[in-house]
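*Asks:* Sharing a structure below in structure tokens format, with a few things to ask.
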Amino acid sequence: MLLQTAVSAASQAHPLSGTIAEWVWLLPILPLAGFVINGLLSLAGAHFGPTDPTAAEHEHHSEGAADASAISHAGHGADGDDQHAVKRHRWAGVVSVVGPGVLILSFLLALGIWQAMASAQPAAPFIQRYFSWMPVGDLHIDAAFQLDQLSMLMILVITGVGALIHVFSVGYMRDDPGYPRYFSYLNLFVFFMLVLVLGANYPVLFVGWEGVGLCSYLLIGFWFNDKANADAGKKAFIVNRIGDFGLLVAMFMLFANIGVLDFIGVSAKALDLGAGSALVTTICLFMFLGCTGKSAQIPLYIWLPDAMAGPTPVSALIHAATMVTAGVYLIARSSFLFSLSPVASLTVAVVGAVTAIFAATIGLKQWDIKKVLAYSTISQLGYMFVGVGVGAYVSGMFHLVTHAFFKALLFLGSGSVIHAMHAAYHRTHSNEDAQDMRNMGGLRRYLPVTCVLMWIATLAISGIPPLSGFMSKDEILGSVFARAQGSTLASATWLGIPGSTLLYIIYAIGLAAAFLTAVYMTRMMLYTFHGPARTGTEEEEALHEAPWIMTGPLVVLGILTVFGGWLNLPEVITGIIPLGPRELLAHWLDPVVGDATTRIAAGAAQVPASTEQALIGAAVVIAVAGIVFAMTRLKPDRLPRKRDAVPEHGFEGVVAHKYYVDEGIERTIVEPTYAVSRSFLWRVIDNGLIDGFFVNGSAALARGLGWVGSRLQTGNVGIYAWVLVVGVLVMLGAFTLR
Amino acid sequence: MLAESLALTAALFVIGVIGVLIHRNAIIIFMCVELMLTAVNLTFVAFSRFYGTAGQVFVVFVMTVSAAEAAVGLAIIIAIFRHRQTIDLKDINLLKG
Amino acid sequence: MASFLDSIGYNLWVLPALLAIPLVGAVIVLMLPVREPAATAAGVETPAARQVALWLFVLEFVVSIGLWWSFNPADTGWQAPIDIGWIPTWGVRFTLGVDGIALMMVLLTTFIMPLSVLGSWTTIRTKVRSYYALLLILTTGMLGVFLARDLFLFYVMWEVMLVPMYFIIGVWGGERRIYASLKFFIYTMLPSLLMLVAIIYLGLHMKGADGTPDFSYDRLLTGAVGMPERTALWLFAAFFLAFAVKVPIFPFHTWLPDAHVEAPTAGSVILAGIMLKMGTFGFLRFALPLFPGAAMNPTIRMIILILALIGIIYGALVAMVQPDFKKLVAYSSVSHLGFVMLGIFALTLQSVQGALMVMINHGISTGALFLLVGIMYERRHSRLIDSYGGIARVAPMFAAILTFVSLSSIGLPGTNGFVGEFLVLIGSFRTYPVLTIIATTGVIFAAVYLLWAIQRILFNPLDKAENEHLTDLNKRELAMLVPLVAAIIWLGVYPAPVLRRMEGSAQLLVNRVERAGSLPRVSEAGR
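Residue numbers (my numbering), protein chains in the order written: chain A, 33 to 770; chain B, 133 to 229; chain C, 16 to 542.
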């Protein structure tokens with residue numbers, strides 16, 4: 033096997049060589065194996081067509097409709113029925129073991145590697161070269177993995193949270209006829225995600241980067257029988273492709289200028305690009321375009337809300353915990369580039385801040401429980417970008433981790449709610465919307481566990497101490513404040529605005545978004561779990577808490593949500609209350625992002641502890657104010673059901689319609705492109721000008737000349753003979769008379 | 133001597149040409165063509181009297197070719213007649229453009 | 016493996032054998048008995064013809080695959096060379112040879128051909144023997160083009176290729192087959208004649224020792240014909256037109272949608288998979304190395320690059336709005352071949368290697384797409400995208416493979432499509448950064464048109480009653496698609512062996528053209 037044979041000389045001396053870390057390749061291979069097994073199982077029931085397809089068609093016609101319906105409803109591999117159809121796949125049992133099993137194995141392996149890493153404390157990344165992928169002249173792209181503290185952190189999140197969500201999925205999706213297909217996609221996703229975080233160079237990262245996009249596409253459109261779902265999947269892929277274009281161009285520029293694409297090489301040569309030069313800024317901005325696509329930031333955030341069309345565990349895994357954070361990871365991974373360009377870094381922070389508040393306002397007026405969470409995710413991703421944008425890479429990654437905990441919990445909790453609502457509506461054969469909060473209400477009586485856990489997550493995301501969300505969000509805001517004076521960012525200017533001013537504005541936006549977060553999350557909880565039940569009396573009997581296989585992962589995530597903050601307790605807190613060791617994560621990530629952080633923060637004034645405590649106090653007050661505001665202003669008892677609801681007017685209506693951004697893009701970009709392509713490029717240029725005028729025109733010209741000539745051919749041999757004789761005589765005469 | 137022979141052959145040839153030009157019956161045209169060939173043959177023979185035997189060799193060639201031509205030509209005419217019940221050139225104009 | 020091949024003298028006979036097997040095979044197929052007892056039952060005249068043809072193509076593939084091992088990547092010269100006198104008075108010689116570029120094209124051809132026979136298995140029911148005989152003759156022509164080292168021989172093979180395809184489209188094609196085949200023939204024939212003139216010019220000016228013309232490619236490369244820049248420009252133009260139509264470069268592409276759509280499945284597969292590469296191969300083999308001065312003229316180079324760029328984006332946009340899936344795939348070829356042209360004329364090692372990869376990948380992915388369209392057409396007799404919808408539900412295997420092949424055509428990393436496009440773009444960026452950035456947007460459009468199409472075919476509600484009868488792939492169809500799928504993965508994950516075999520020839524080409532293009536021509540300097 034090619035794997036493992038080629039180990040670069042550098043890694044021979046590495047403290048991790050010879051340890052369990054050598055098995056790092058197995059991490060993605062396990063889910064890949066799961067994908068293959070589940071994928072084959074999902075096709076196992078497919079029938080081979082007849083040897084002669086044409087003949088078969090006639091047979092079918094003669095056999096009539098009964099046979100046809102038997103084929104189309106046979107279930108087996110031929111799935112894609114919507115989620116109402118309850119038809120357990122015959123291999124469901126195997127899939128339930130294989131699907132989550134590979135993830136749990138991967139997670140255990142990841143724990144082992146983490147153990148080895150924690151004891152070895154390597155200062156340099158552990159590179160494993162497997163084979164040469166694209167060697168062309170001076171371009172060397174290896175299929176190689178890079179294991180360092182940053183990728184280790186991501187691996188633990190992906191496999192850990194991933195395993196929990198896989199387990200949850202067993203309960204959530206077991207009765208779906210496409211069950212093996214679902215797990216094969218999910219396993220494939222984890223494979224690509226691990227490739228993304230393990231890749232030792234940009235092209236390998238890009239394999240994972242687009243691969244997760246593919247899985248996202250497949251899973252959003254999982255119930256493809258509904259056009260809306262298939263549309264949403266396609267939209268996600270295409271919008272992501274726009275971002276990928278940016279990442280590609282960034283890679284081209286790196287190669288053209290410094291001739292390397294692996295992380296170690298680029299970080300070593302990054303200074304050759306020139307600190308603060310236009311070149312490095314351009315590279316970073318193109319790269320950031322890729323991040324805005326994958327991580328749903330302005331202007332490419334539009335796909336994420338639609339992505340909620342996928343099954344809810346998918347939203348939890350892909351569209352909250354892991355894939356959408358890939359952009360944050362990329363910037364942290366490329367900190368050696370971004371830290372060289374204050375302008376690009378500020379751009380990241382500004383886009384993050386604007387996205388955070390923009391998405392939060394939309395979240396205020398959504399009725400679909402998953403849409404609220406989707407906009408909340410966009411908003412929280414904005415926070416992460418603010419973090420990595422201001423060069424607080426640890427804080428950004430910290431928020432990424434805690435967000436993975438509490439947002440996965442929120443999504444899975446909403447999954448459990450939807451599961452219950454679905455079961456209820458399914459029982460009464462009602463066509464009501466199972467995801468609309470106007471149809472819920474009072475669910476705490478039926479889903480007590482879910483309700484409590486989701487409240488914990490809501491408090492965490494709102495920033496209530498000492499929950500994890502409070503710690504990480506506060507660190508980001510604190511870093512913004514700290515860097516507003518004296519850092520390289522503060523002394524740079526962005527579009528004419530001094531960096532220092534900009535950072536204060538970002539800080540203010542961050543606080544405002546925190547307030548809105550508290551409001552919309554409390555709103556969601558109130559409408560879903562409190563007040564009177566709006567489900568309908570008959571349905572209420574069918575409402576019940578999810579089975580243990582679903583609540584179990586929720587409880588684990590709840591614990592992580594509460595204690596996740598311990599990963600990186602800030603000094604300002606441990607200084608007052610000795611909760612535990614401080615800044616674990618910062619120490620852990622120091623070998624990877626330490627230099628870049630120092631470079632950006634260089635010269636930043638130390639914020640006095642008293643100021644810092646005051647800032648924390650203000651943030652907590654704002655969060656509490658948001659919750660109280662929502663509790664007092666919102667009246668869940670007066671909410672009409674969805675079918676009785678009147679559409680919002682004025683500004684509220686604009687917000688409820690997400691500022692008409694989708695419609696605007698449809699009108700200004702999508703439709704004109706199609707129209708121009710169809711009626712101008714195809715009809716006029718291709719069919720009319722090139723083919724009609726030039727090609728067929730020249731054919732017509734030749735035919736016309738031929739027609740003129742053919743008129744001379746009467747077909748009468750006598751006339752030909754006369755012409756011949758006259759011609760001979762004329763020539764003879766000409767010769768004679770000359 | 134040569135002049136008379138050439139006058140005779142020229143007359144024969146012109147008769148053939150006129151025949152080809154004014155007749156519409158394929159058989160007659162065919163016979164006129166044969167007449168033209170005969171005139172040419174006579175010319176060859178007449179010249180060979182004064183300039184060596186090459187002319188006579190040509191006559192043999194021409195006769196061979198005209199025999200072949202007669203075979204093919206007559207066969208075509210018969211085929212056309214069978215097909216269309218006429219050998220009038222006016223009606224045989226498939227190559228009309 | 017290499018020593019085994021040596022022991023059987025493989026390099027001495029392989030190239031003539033590759034040309035001879037299909038020719039002899041064509042005769043064998045034509046001599047098969049007209050009507051067999053089994054014929055009526057199968058509904059196909061002389062079903063033995065297809066079996067014989069299949070095994071002949073398999074034999075051809077097995078014979079050619081030895082080249083993979085016998086080829087020495089370190090040697091940039093001709094390998095397995097053959098040199099026999101042919102028409103002494105004109106100085107035409109029967110010279111064959113394989114280099115890294117030709118190697119991959121030959122293997123691609125012999126790989127695609129058996130699959131295209133499988134693709135014709137049940138669709139060709141009349142004049143079966145002639146059909147397979149033509150396919151076999153076509154193979155000789157195509158391989159001859161790739162292997163020829165004599166310009167005259169090259170031209171003969173170039174035209175040999177044209178005639179069978181003309182009949183394949185014209186006899187077994189769709190409704191507008193006559194129009195399409197005639198258009199294809201005239202469109203490609205006309206500039207080919209210009210190329211013939213140029214070839215004759217070169218042959219007459221490159222006298223051999225005894226004063227006869229000489230068409231030797233190798234001698235021509237050494238600059239044996241001294242010509243003023245203006246002449247070189249005209250000769251380049253003649254070659255350019257012949258190849259540009261074949262590629263096809265915008266705006267010479269309009270024969271392609273018609274020919275692809277009307278051709279039977281195997282015809283489309285061969286057209287797209289192999290014959291389109293003749294154009295780009297021609298640029299690499301002839302137009303660039305023979306006239307580097309003209310090709311590297313900044314104006315001409317910029318015009319060609321811009322045409323390539325237009326091809327990439329225009330092809331994608333027009334593909335997007337096609338109601339006919341086969342036409343969509345046809346226009347997507349214009350887009351993909353635009354990448355090849357960009358890579359060739361950007362002229363860096365990476366971009367040329369990338370262009371070669373795109374050529375191979377396009378053969379595999381687009382070939383597979385045409386086979387899949389053929390499968391759809393055979394069942395429903397419609398190529399219109401709107402006739403389908405939701406068929407992933409009744410034909411999951413078909414859906415899985417169509418999705419996968421489309422993704423490779425889109426250039427998803429991990430599939431072959433990515434490797435080619437990535438190398439083209441990263442290489443072109445070094446010489447033409449702005450053009451490359453524009454070209455990179457092509458990857459977005461590719462996703463738009465193909466995903467939109469497969470959504471309307473595979474996904475969405477299964478709302479048409481006819482489609483509920485649709486049957487999934489049968490074993491023959493699976494057998495013909497699986498090798499393509501395997502190739503897609505292999506070339507996407509581990510293309511290094513392929514790249515290594517092509518690198519020497521690509522590097523030689525780049526050096527040669529760059530060096531000669533940057534200097535005035537030797538002979539001219541001497542004047």
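Glycine is no exception: its CB is placed at the ideal position from the N, C-alpha and C atoms.
Small disclaimer: the values here were computed from a predicted structure and weren't measured.
1. Does W714 (chain A) have its Cβ less than 8 Å from a Cβ in chain B?
2. Exposed or buried, what is M763 (chain A) when buried is set at 16 or more other beta-carbons lying within 10 Å of its beta-carbon?
3. Do we get a CB-CB distance below 8 Å when we pair H90 (chain A) with the residues of chain B?
4. Mind checking V152 (chain B): buried by the 16 CB within 10 Å criterion, or exposed?
5. Roughly how many whole angstroms lie between the Cα atoms of M204 (chain C) and M412 (chain C)?
6. Please work out which residues of its chain come closer than 6 Å, Cβ to Cβ, to S128 (chain A), disregarding the five sequence neighbours upstream and downstream, and give them in chain order.
7. Using a Cβ-Cβ cut-off of 6 Å (strictly less than) and excluding sequence neighbours within five positions of E603 (chain A), which residues of its own chain qualify?
8. Answer with buried or exposed for V653 (chain A), where buried requires no fewer than 16 other C-beta atoms within 10 angstroms of its C-beta.
9. Applying a beta-carbon distance threshold of less than 7 Å, which residues of chain A neighbour N157 (chain B)?
10. Can you confirm whether L221 (chain B), when its beta carbon is compared against all beta carbons of chain A, has any partner nearer than 8 Å?
11. I need the DSSP call for G100 (chain C), collapsed to helix, strand or coil.
12. On a Cα-Cα basis, can you pick out the residue from A:D669, A:L521, A:S74, A:S709 that is closest to A376 (chain A)?
13. Using a Cβ-Cβ distance under 8 Å, would V146 (chain B) count as near chain A?
14. Using 8 Å as the threshold, is the C-beta distance between S424 (chain C) and A461 (chain C) below it?
15. Leaving out five residues before and five after M777 (chain A) in sequence, what residues of the same chain have Cβ atoms less than 6 Å from its Cβ?
16. Just curious, the alpha helix (DSSP H) that F161 (chain C) is in, first and last residue?
17. Does the beta carbon of V204 (chain B) sit closer than 8 Å to a beta carbon anywhere in chain A?
18. Using the three-state DSSP reduction, which class does F223 (chain A) fall into: helix, strand or coil?
19. How about K222 (chain B) and R156 (chain B): are their beta carbons less than 8 Å apart?
20. With distances taken from CA atoms, which of B:E166, B:V177, B:M195 is nearest L134 (chain B)?
21. What are the boundary residues of the beta strand (DSSP E) that includes Q160 (chain A)?
22. Tell me, please, which residues DSSP counts as bridged to I173 (chain A).
23. List, in chain order, every chain C residue whose beta-carbon is nearer than 7 Å to that of I722 (chain A).
24. Does the segment 662 to 674 of chain A come within contact of the segment 292 to 306 of chain C, defined as at least 3 CB pairs closer than 8 Å?
25. Is it right to say R408 (chain C) is buried, meaning 16 or more other beta carbons lie within 10 angstroms of its own, or is it exposed?
26. To the nearest angstrom, how far is the alpha carbon of I538 (chain A) from that of F683 (chain A)?
27. Taking 8 Å as the threshold (beta carbon to beta carbon), is G765 (chain A) in contact with chain B?
28. For R673 (chain A), I'd like the list of residues in its chain whose CB is within less than 7 Å of its CB, leaving aside the five on either flank, ordered along the chain.
29. What in chain A is Cβ-close to V434 (chain C), meaning under 7 Å?
30. Counting only C-beta atoms, is D339 (chain C) closer than 8 Å to chain A at any point?
31. Suppose you measure from the CA of Y146 (chain C) to the CA of L130 (chain C); what does that come to, to the nearest Å?
32. For the beta strand (DSSP E) containing T110 (chain C), list its first residue and its last residue.
33. Under 8 Å between C-beta atoms, does D294 (chain A) make it to chain C?
34. According to the Cβ coordinates, are T363 (chain C) and V281 (chain A) closer than 8 Å?
35. For V149 (chain B), would you say it is in contact with chain A, using Cβ-to-Cβ distances shorter than 8 Å as the test?
36. Would A662 (chain A) and K397 (chain A) qualify as a contact pair, given that the criterion is a beta-carbon distance under 8 Å?
*Replies:* Let me spell this out:
1. The sequence position of residue 714 (chain A) within the first sequence is 682, counting from 1. No, W714 (chain A) lies away from the interface with chain B (no Cβ there is under 8 Å from its Cβ).
2. To locate residue 763 (chain A), count along the first sequence from 1; it is residue 731. M763 (chain A) is exposed by the Cβ-count criterion.
3. As a first step, residue 90 (chain A) is located in the first sequence; it is residue number 58 there, counting from the start. With a pLDDT of only 46 at H90 (chain A), under 50, the local geometry of the prediction cannot be trusted, and no value is derived from it.
4. Residue mapping note: residue 152 (chain B) aligns to position 20 of the second sequence, counting from 1. Under this definition V152 (chain B) is a buried residue.
5. Residue 204 (chain C) sits at position 189 when you count from the first residue of the third sequence. Residue 412 (chain C) sits at position 397 when you count from the first residue of the third sequence. Straight-line Cα distance between these residues: approximately 41 Å.
6. Within the first sequence, the letter at position 96 stands for residue 128 (chain A). The answer, listed in chain order, is V202.
7. Position 571 of the first sequence holds residue 603 (chain A). So the list reads R614, once near-sequence residues are dropped.
8. As a working mapping, residue 653 (chain A) is identified with position 621 in the first sequence. Result: exposed.
9. For the purposes of this step, residue 157 (chain B) is identified with residue 25 of the second sequence, where counting begins at 1. Residues of chain A passing the Cβ test: none, with the nearest at roughly 11 Å.
10. Position 89 of the second sequence holds residue 221 (chain B). Answer yes: the Cβ-Cβ gap between L221 (chain B) and chain A drops below 8 Å somewhere.
11. Residue 100 (chain C) sits at position 85 when you count from the first residue of the third sequence. In the structure shown, G100 (chain C) sits in a strand (DSSP, three-state: E or B).
12. Counting from 1 along the first sequence, the entry for residue 376 (chain A) is found at position 344. Answer by Cα proximity: A:L521.
13. Sequence index remark: in the second sequence, residue 146 (chain B) carries index 14 (1-based). No, no contact with chain A.
14. Along the third sequence, one-based indexing puts residue 424 (chain C) at 409. Along the third sequence, one-based indexing puts residue 461 (chain C) at 446. Going by C-beta atoms, S424 (chain C) is nearer than 8 Å to A461 (chain C).
15. Look at the range of chain A in this structure, 33 to 770, and you will see that residue 777 (chain A) is not part of it.
16. Translated into the one-based positions of the third sequence, residue 161 (chain C) becomes position 146. F161 (chain C) -> alpha helix (DSSP H) spans 143 to 162.
17. Working through the second sequence from its first residue, we reach residue 204 (chain B) at position 72. Not one chain A Cβ lies under 8 Å of V204 (chain B).
18. Stepping through the first sequence from its first residue, residue 223 (chain A) is reached at position 191. Helix, per DSSP.
19. Taking the first residue of the second sequence as position 1, residue 222 (chain B) is located at position 90. Taking the first residue of the second sequence as position 1, residue 156 (chain B) is located at position 24. Result yes, Cβ atoms of K222 (chain B) and R156 (chain B) sit closer than 8 Å.
20. Walking along the second sequence from the start, residue 134 (chain B) turns up at place 2. Per the Cα distances, B:V177.
21. Here the question's residue 160 (chain A) lines up with position 128 in the first sequence. Where Q160 (chain A) is concerned, the enclosing beta strand (DSSP E) stretches over 158 to 168.
22. Numbered from 1 along the first sequence, position 141 holds the residue referred to as residue 173 (chain A). Paired residues: A:M166.
23. By 1-based counting over the first sequence, the position of residue 722 (chain A) is 690. Within chain C, the residues near I722 (chain A) are P266, T269.
24. no
25. Taking the third sequence and counting its residues from 1, the one referred to as residue 408 (chain C) is at position 393. Classification for R408 (chain C): buried.
26. For this step, residue 538 (chain A) is matched to residue 506 along the first sequence. For this step, residue 683 (chain A) is matched to residue 651 along the first sequence. Roughly 24 Å separates the two Cα atoms.
27. Sequence index remark: in the first sequence, residue 765 (chain A) carries index 733 (1-based). Chain B, which has no Cβ nearer than 8 Å to the Cβ of G765 (chain A), makes this no.
28. Counting from one through the first sequence, the residue named residue 673 (chain A) turns up at place 641. So the qualifying residues of the chain are R470, N471, R566.
29. Numbered from its first residue, the third sequence carries residue 434 (chain C) at position 419. By Cβ distance, chain A contributes M166.
30. Translated into the one-based positions of the third sequence, residue 339 (chain C) becomes position 324. With 8 Å as the cut-off, D339 (chain C) does not count as an interface residue toward chain A.
31. Position 131 of the third sequence, counting from 1, holds the residue named residue 146 (chain C). Position 115 of the third sequence, counting from 1, holds the residue named residue 130 (chain C). Rounded to the nearest angstrom, the two C-alpha atoms are 15 Å apart.
32. In the third sequence, residue 110 (chain C) corresponds to position 95, counting from 1. That run of the beta strand (DSSP E) goes 107 to 113.
33. Here residue 294 (chain A) corresponds to residue number 262 of the first sequence, with the count starting at 1. Not one chain C Cβ lies under 8 Å of D294 (chain A).
34. Counted from its first residue, the third sequence places residue 363 (chain C) at position 348. Counted from its first residue, the first sequence places residue 281 (chain A) at position 249. In this structure, V281 (chain A) does not lie closer than 8 Å to T363 (chain C) by Cβ.
35. Stepping through the second sequence from its first residue, residue 149 (chain B) is reached at position 17. Closer than 8 Å to some Cβ of chain A, the Cβ of V149 (chain B) qualifies, so yes.
36. Reading the first sequence from its first residue, position 630 is the one you call residue 662 (chain A). Reading the first sequence from its first residue, position 365 is the one you call residue 397 (chain A). The answer is no: Cβ separation not under 8 Å.
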